[in-house]
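Engineer: I have a structure I would like to understand better, so I am pasting it below and will then ask my questions one at a time.
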């Protein structure tokens, strides 16, 4: 029974994993990855770690991958660019290295006599909580600090660049031009207003390099 | 006895220096700066006098006043505190240092009037006082060395005070470097002292957990080392003494390290008076007297000290005979007087040396300040050939300087007479360093006498050229026009302000009566039966006496030279001064005193006769050029070192070896980088592949190693 | 027969290999990112397997912390990805091989 | 052969649960339309059957018979996958709720618990599945290749991620009180005081927060930004029609239902009906029946509240939504946790 389930979920995991790599469309990769996560969660349940399974689903499938899909949609990337691949040699290299890795693991697995204890029932949330808040409190706190740093870093990174804040407002009397006049690449819905006297200065203020500004 | 007032003595000038340096430079008000500087020194003067003369003060009690400020160095058994100690010797020294220093500060306020770097000058001067007092009051060699270096630094700064003049800068560097040579000896001496005695402290200071046997008390129980040349390198007391003497020679301008002192006159005159006449240059004497316990156990070193001292005295006196710069004359006279002091130390008359240090501080400071007053009046004219007849222009200066002149020439009742006579007599009756006969000490006495004669002569020459004769400064205008520091056309000499004359008068009084603190019994007994030699009473307990063993060769001089350092008394506890003075030696001493008086008067007479009418009398070239010593040093030492550094060290070693090495390293790194660049192409995927490769290698390694000791199923 | 420990280990090894291969051959930043997540999960699987086979809960704690790190990595990584895209109009890592625009 | 019987029983239970849920949902739709009608002073659908009782079936028929449009240039696979994910995620949470205490079938000795699956971590399970539900909407919005849909999808995903945090944190107070994640145990804990020891008494703030977050989580008014008709035609399911649309529709109402059940279970004492243990002794069939009915009544009360809110409240603007979620709900939830922790620490046996 368990064996069947194992085979089912393991197969599902491997299949989805292969799909992650094989798919050209990042969104499909993401969906396949969610599949991997869920099947792994089921395996965790089989391994008597329901808590970890639930957290796996919530954190990975529910949060991280949602973010990834969100970003994919935001950037709206279609097929992977088919530009010339300057590193073709990497594909065979990767395959060879992967083969070596598998070989080594197989060697280890077969050469080691594996002890076969029974699956125990230690994955209860209570036991994990106890350990986490008594003996391994320090790592727990450290991870919280790590998360804080991640939040700050992400906000810093994702803030829109340029010398002006998004709250830049139009000063009455200043000339108002569409930004596309200054920056051809600008998104048409970028409505930030800058007070300047010349398009060049506007470009400077917006942090756009002047190379692609119309020279007229 | 602990007494924390002691630290006030040294820290008051330090505070003054700090205030002048940080605040005075902003205020730029001469009144403020002057008050701060003089006030600081005045404070330490008052404290010093209080501590010295209070009922259980330093000059009355056996045990020194101690002030353990903080534990400074504590390495294993090596223990040096930042601690002050004021015993009878250092107390006496601190007294005249602070007092003369105060007078000179006051003088300088007038002398330096209108100078650009007024605040700077007084900051340095206060700093010097701090360093000098640290040197004097230090209770161990290391702290003393700190003060030693401090005074060296301040002397450097103050000699180079007019740093826009080249000769000042050169003189400053010369002084500094020459002192380095001396300090080298001093440091080695300190180290050797520690290795031999296991301590660097002068006084046992249980309060600071100090070992009870100190660097000095260590030797009391030791036998006297033999009088051989080998003892110098034997690493015992003699070696220590010789090394310390090298330091003293550097600081106190003895042969062969005296060359910096004459050039040091490039500094302002108060500096010359304070540092290069009264206080700093006598630090060497102080150090030797402080270590007298060591020296009396090292007859060889004593011998060297005496010889060097005598030679310096004569040598410098001859040079002084021919100088035309008023300050140069005084400088060489200082050197020769220092030679006197070392001569005294050499023959074991440490008290006499201190005595001469004090009186010399008085009259030499007086003379220097007088010359400063003259220079001030002459608008910075120092050449005596362009003076003359100043008598009626600056009467106070003339009168006071005349007193100084008589004092240094050894005319009775003036201070110089007693101390110089004391030294001469002690030299005459000195033990003979194990030489077969006492002829040698007689020889030293002869040198001393000649020096005294020469001293009188050249001092007379100076006075005559400056104050008598027709007034040469007007016709000197012709070639004084192109000098830059000339303020206005014809110089009209004028008397100096009271700020300058008051110190002169005070010093004049002191150089007159200052000698009475040490009137030898032989002379005083003519009037009273009480021994009134105060200085000797004071210093006897702290100054070591020559053990009898040294001059066993010459028993005749054994019957104690009475009042002067009972030589056959056990070292620590001096005999009470009550022992009898055998009549014949009293008469001998009186006779010698008469002789020295005659010598002095004769010198004055000769000088008067020679120069009264021919002040510009041409002196022997050899003397005028100071025996070409500077040139000899230049050719023998400086040139070779310079050329060696330039040609050898710089062009070959530095450029060739070091730079070559560095360049080759840099190129190697560049080459390596050029190769490694291919790995860092910036392609993340490439990095990932390389990481995986490394991981695989590691895994394979572990798998292999693990397989060694795992039996496959 | 019951699933053995080695089965889980083998499975995780396979997943890990897939992930690392993907990291090397994928050119899309987001895809690489997901492959890294895959590797992390493979490792998590080994942790949980060991934890439950050796009756030691610490393995699961490790997984817990790995997840936290993964979350942080996701936040920062996606921020970086957005920044790259904003500057280069492309998600191809090879485009971003030089440190200037 | 025990496992086989077990499996059969489970399947039976699941079927029963789903049928009940679907019925309730179907009639919730009707109820919503009628109640809204009343609120707005009109009748609402009342033609089909007595009082429009058969209206749901008519709608179902309509959905089945309508043409199933798949927009051109849409990634078909995902397009089809999306509603399935949504519905599945919605339905899967159903299995952990205890509808009632274990009851003994009359005249037999078989006692069956009125819960499909009994988890140690039922609550986490619910949260996890709920978080999966986001994909349905996001994928739908993305795959239907329509800018309104995409906007709707993005909005909904952002919204759900933001409010999941508040939702989870608002529950932590209850979890701390109960000391377990097992829903059945949580309900049992609330059966004290003759079945009135509801956690809402100890967690009023948590309850309010949970309700708000839950409404946002189910994209209902006033948080129905993803399908804001006035801005985005119909949000993520603009392009969907026929059965696929029906599935989304279903998913939304099932979500309402499950969320209400969670609220009931955690805050309103689950199947505990006050003071019935004074009339009936526990474990009897009647007791179980009454309890189940009480559960249902509470859930229906929540559903009614949903409709009521929809009928009365206007819609947020998106930035208001985000600010509200991050700057008000989240800090309040944290405050709630802090207060609960403090109280538990100082009155352990409260």
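Residue numbers (the numbering used here), protein chains in the order written: chain L, 8 to 223; chain Y, 2 to 714; chain D, 1089 to 1189; chain Z, 561 to 910.
Cβ coordinates follow ideal geometry from the N, Cα and C atoms, glycine included.
Everything numeric in this text was worked out from a predicted model, so none of it was measured.
Please say whether residue 311 of chain Y and residue 425 of chain Y have beta carbons closer to each other than 9 angstroms?
Structural biologist: No, the pair does not count as a contact, with Cβ atoms beyond the cut-off.
Engineer: Could you name the residues of the same chain whose beta carbon sits closer than 8 angstroms to that of residue 46 of chain Y, not counting the 5 residues immediately before and after it, in chain order?
Structural biologist: Excluding positions up to five away in sequence, the list reads 99, 100, 102, 103.
Engineer: Taking Cβ positions, are residue 27 of chain L and residue 40 of chain L nearer each other than 9 angstroms?
Structural biologist: Yes.
Engineer: Between D:1184, D:1100, D:1180, which has its C-alpha nearest residue 1114 of chain D's C-alpha?
Structural biologist: Cα-wise, what sits closest to residue 1114 of chain D is D:1180.
Engineer: Whose Cβ in chain L lies nearer than 7 angstroms to the Cβ of residue 704 of chain Z?
Structural biologist: Here the premise fails: no neighbours, minimum Cβ distance about 12 angstroms.
Engineer: Output, in chain order, the set of chain Y residues within a Cβ distance shorter than 9 angstroms of residue 1153 of chain D.
Structural biologist: Residues of chain Y passing the Cβ test: none, with the nearest at roughly 21 angstroms.
Engineer: Decide if the stretch 462 to 474 of chain Y is in contact with the stretch 596 to 613 of chain Y; the criterion is three or more beta carbon pairs, one per stretch, under 8 angstroms apart.
Structural biologist: Short answer: they touch.
Engineer: Quick check on the burial criterion: 16 or more other C-beta atoms within 10 angstroms. Buried or exposed for residue 177 of chain L?
Structural biologist: With a pLDDT of only 41 at residue 177 of chain L, under the threshold of 50, the placement of this residue in the model should not be trusted, and no figure is reported.
Engineer: Kindly list the residues whose CB is nearer than 8 angstroms to the CB of residue 120 of chain Y, restricted to its own chain and excluding five residues on each side of it in sequence; keep chain order.
Structural biologist: Counting only Cβ-Cβ distances below 8 angstroms, and skipping sequence neighbours, we find 21, 22, 25, 26, 28, 29, 34.
Engineer: Quick check on the burial criterion: 16 or more other C-beta atoms within 10 angstroms. Buried or exposed for residue 731 of chain Z?
Structural biologist: Buried, since its Cβ has 16 or more Cβ neighbours within 10 Å.
Engineer: Take residue 322 of chain Y as the anchor and find which of Y:200, Y:49, Y:457, Y:402 has the nearest alpha-carbon.
Structural biologist: Out of Y:200, Y:49, Y:457, Y:402, Y:457 has the C-alpha closest to the C-alpha of residue 322 of chain Y.
Engineer: Which word fits residue 344 of chain Y, buried or exposed, when buried means at least 16 other C-beta atoms lie within 10 angstroms of its C-beta?
Structural biologist: Buried is the call here.
Engineer: Should residue 482 of chain Y be labelled buried (16 or more other beta-carbon atoms within 10 Å of its own) or exposed?
Structural biologist: Confidence at residue 482 of chain Y is low in this model, with a pLDDT of 47, below 50, so its placement is unreliable and no value can be given for it.
Engineer: Quick one: is residue 118 of chain L near chain D, going by C-beta distance under 9 angstroms?
Structural biologist: So, not an interface residue.
Engineer: When Cβ atoms are compared, which residues of the stretch 693 to 712 of chain Y fall closer than 9 angstroms to chain L?
Structural biologist: Those would be 693, 694, 696, 697, 700, 701, 703, 704, 707, 708, 711, 712, in chain order.
Engineer: Which residues in the same chain as residue 96 of chain Y place their Cβ atom closer than 8 angstroms to its Cβ, once the five residues preceding and following it in sequence are excluded?
Structural biologist: Cβ within range, chain order: 49, 50, 53.
Engineer: How many whole angstroms separate the CB atoms of residue 25 of chain L and residue 1106 of chain D, which I take to be in contact at a CB cut-off of 8 angstroms?
Structural biologist: Right, the Cβ-Cβ distance comes to about 6 angstroms (below 8 angstroms), so this counts as a contact.
Engineer: Take residue 618 of chain Z and list the residues in its own chain whose beta-carbon comes closer than 8 angstroms to its own, dropping the five residues that flank it on each side.
Structural biologist: 608.
Engineer: Under 9 angstroms between the Cβ atoms of residue 832 of chain Z and residue 766 of chain Z?
Structural biologist: It is not a contact, given that the beta carbons lie outside the stated cut-off.
Engineer: Per DSSP, what kind of secondary structure is residue 87 of chain Y in: helix, strand or coil?
Structural biologist: DSSP places residue 87 of chain Y in strand when its eight states are reduced to three.
Engineer: When DSSP labels each residue in this structure, what does residue 235 of chain Y get in the three-state scheme?
Structural biologist: Note: residue 235 of chain Y maps to coil in three-state DSSP.
Engineer: For the stretch 816 to 857 of chain Z, which segments carrying the beta strand (DSSP E) assignment without a break, of at least 3 residues, lie completely within its bounds, in sequence order?
Structural biologist: You should have found no qualifying run.
Engineer: Taking CB distances under 9 angstroms as the criterion, tell me whether residue 107 of chain L reaches chain Y.
Structural biologist: At least one chain Y Cβ lies under 9 angstroms of residue 107 of chain L.
Engineer: May I ask you to list, following chain order, the residues of the stretch 661 to 695 of chain Y that have a beta carbon less than 7 angstroms from some beta carbon of chain D?
Structural biologist: Taking 7 angstroms as the Cβ-Cβ cut-off against chain D, the residues of the stretch 661 to 695 of chain Y that qualify are 682, 683, 684, 685, 686, 689, 690, 693.
Engineer: Between which two residues does the beta strand (DSSP E) containing residue 671 of chain Z stretch?
Structural biologist: It spans 671 to 674 - the beta strand (DSSP E) in which residue 671 of chain Z sits, taken as one unbroken run.
Engineer: Within its chain, find whatever has a CB closer than 6 angstroms to the CB of residue 164 of chain Y; leave out the 5 residues flanking it on each side and keep chain order.
Structural biologist: Excluding residues within five positions, the ones whose Cβ falls inside 6 angstroms are 170.
Engineer: Determine which residues share a DSSP beta bridge with residue 664 of chain Z and list them.
Structural biologist: Paired residue(s): Z:671.
Engineer: Please work out which residues of its chain come closer than 8 angstroms, Cβ to Cβ, to residue 411 of chain Y, disregarding the five sequence neighbours upstream and downstream, and give them in chain order.
Structural biologist: Taken in chain order, the residues that qualify are 417, 418, 421, 422, 453, 456, 457, 597, 598, 600, 601.
Engineer: Using a cut-off of 8 angstroms between C-beta atoms, extract the partners of residue 698 of chain Z located in chain L.
Structural biologist: Chain L residues near residue 698 of chain Z: 73, 76, 77, 80.
Engineer: Is there a Cβ from chain Z that is less than 9 angstroms from the Cβ of residue 41 of chain L?
Structural biologist: With 9 angstroms as the cut-off, residue 41 of chain L counts as an interface residue toward chain Z.
Engineer: Can you name the start and end residues of the beta strand (DSSP E) that residue 75 of chain Y belongs to?
Structural biologist: Start and end: 66 to 76.
Engineer: Touching or not, the stretch 154 to 162 of chain Y and the stretch 298 to 309 of chain Y, by the rule of three or more beta carbon pairs under 8 angstroms?
Structural biologist: Segments in contact, no.
Engineer: Mind checking whether residue 237 of chain Y and residue 197 of chain Y have CB atoms under 9 angstroms apart?
Structural biologist: For residue 237 of chain Y and residue 197 of chain Y, yes; Cβs fall inside 9 angstroms.
Engineer: Using 9 angstroms as the threshold, is the C-beta distance between residue 317 of chain Y and residue 334 of chain Y below it?
Structural biologist: In contact: residue 317 of chain Y and residue 334 of chain Y (Cβ atoms closer than 9 angstroms).
Engineer: Would you call the stretch 643 to 660 of chain Z and the stretch 569 to 578 of chain Z in contact, with 3 or more CB pairs under 8 angstroms?
Structural biologist: Touching, yes.
Engineer: Smallest Cα separation from residue 642 of chain Z: which of Z:613, Z:878, Z:698?
Structural biologist: Closest option to residue 642 of chain Z, Cα to Cα, is Z:698.
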